[in-house]
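Let me begin by presenting the structure, written as structure tokens, before commenting on it.
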Amino acid sequence: MHSGGSSAAQKPVSAASLCTICVPNSPCPIAIMKTIAAVFLFFLSLGSHAAGLEYHKEGSICDRSSGFCADHMGVSVELTRMYLGEEAGKKLLAEINKVGIGQVDLTTFTMRGGLNCDTKVKTCWTNRYDKKVDSKATKTLFKD
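Every number in my numbering is 5 more than the matching position in the sequence shown, counting from 1.
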């Protein structure tokens, strides 16, 4: 049973028709929201494989923005020099010396995008909190 009201079907309102009520010559809020959503999804998709990292077939990963490289043994000054340059190697060594070589654990590290690796357990995770294994990084560093 139909209770009161008009019997004519209502037309759905489209995003385009909503934009016609926006202030003339100004960006439509719906178009802006769609753009923001698209940009968010793009950056979210990058995070799934730790964007900005360089994976080397020789079994190392470099993080240019953080200024270091690592292999199956951990953070490496030598690999950093080889892939990122002499200055990056010097900077990394200075940071290690500032803290103290005996006080730094080079076997566990976190790279850009949250990639977290522990060479003692031969595993990398997408981040240190949810412990989802990052298979690409794990295979790159610990392929047996």
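Cβ atoms here follow ideal geometry from the backbone N, Cα and C, with glycine treated the same way.
Query, Result
"Simplified DSSP assignment, three categories, for Tyr60", "strand"
"Min CB distance Ser140 to chain C below 8 Å", "The chain labelled as chain C is not found in the depicted structure, where only one protein chain is given."
"Segment limits, alpha helix (DSSP H) that includes Gly94", "Glu91 to Val104"
"Rounded distance between the beta-carbons of Thr124 and Met78, thought under 8 Å", "6 Å"
"Coarse secondary structure for Gly72, derived from DSSP in three states", "coil"
"Cβ-based neighbour list, Phe73, same chain, cut-off 6 Å, excluding 5 preceding and 5 following", "Val80, Thr85 and Leu97"
"Buried/exposed call for Ala99, threshold 16 Cβ in 10 Å", "exposed"
"Start and end residues, alpha helix (DSSP H) containing Thr113", "First-last for Thr113: Thr113 to Thr115, but that is the beta strand (DSSP E), not the alpha helix (DSSP H)."
"Beta-ladder partner(s) of Asn132, from DSSP", "The partner list for Asn132 (beta bridge, DSSP) is empty, contrary to what the question assumes."
"Helix, strand or coil at Leu49 [DSSP, three-state]", "Confidence at Leu49 is low in this model, with a pLDDT of 35, below 50, so the placement of that residue should be treated as unreliable; the coordinate-derived value is given next. Here Leu49 sits in helix by DSSP."
"Own chain, CB closer than 7 Å to Phe45, minus 5 neighbours either side, in chain order", "Model confidence at Phe45 stands at a pLDDT of 38, short of 50, so the residue's coordinates are unreliable and nothing is read from them."
"For Gly79, the residue or residues it bridges with in DSSP", "Asp76"
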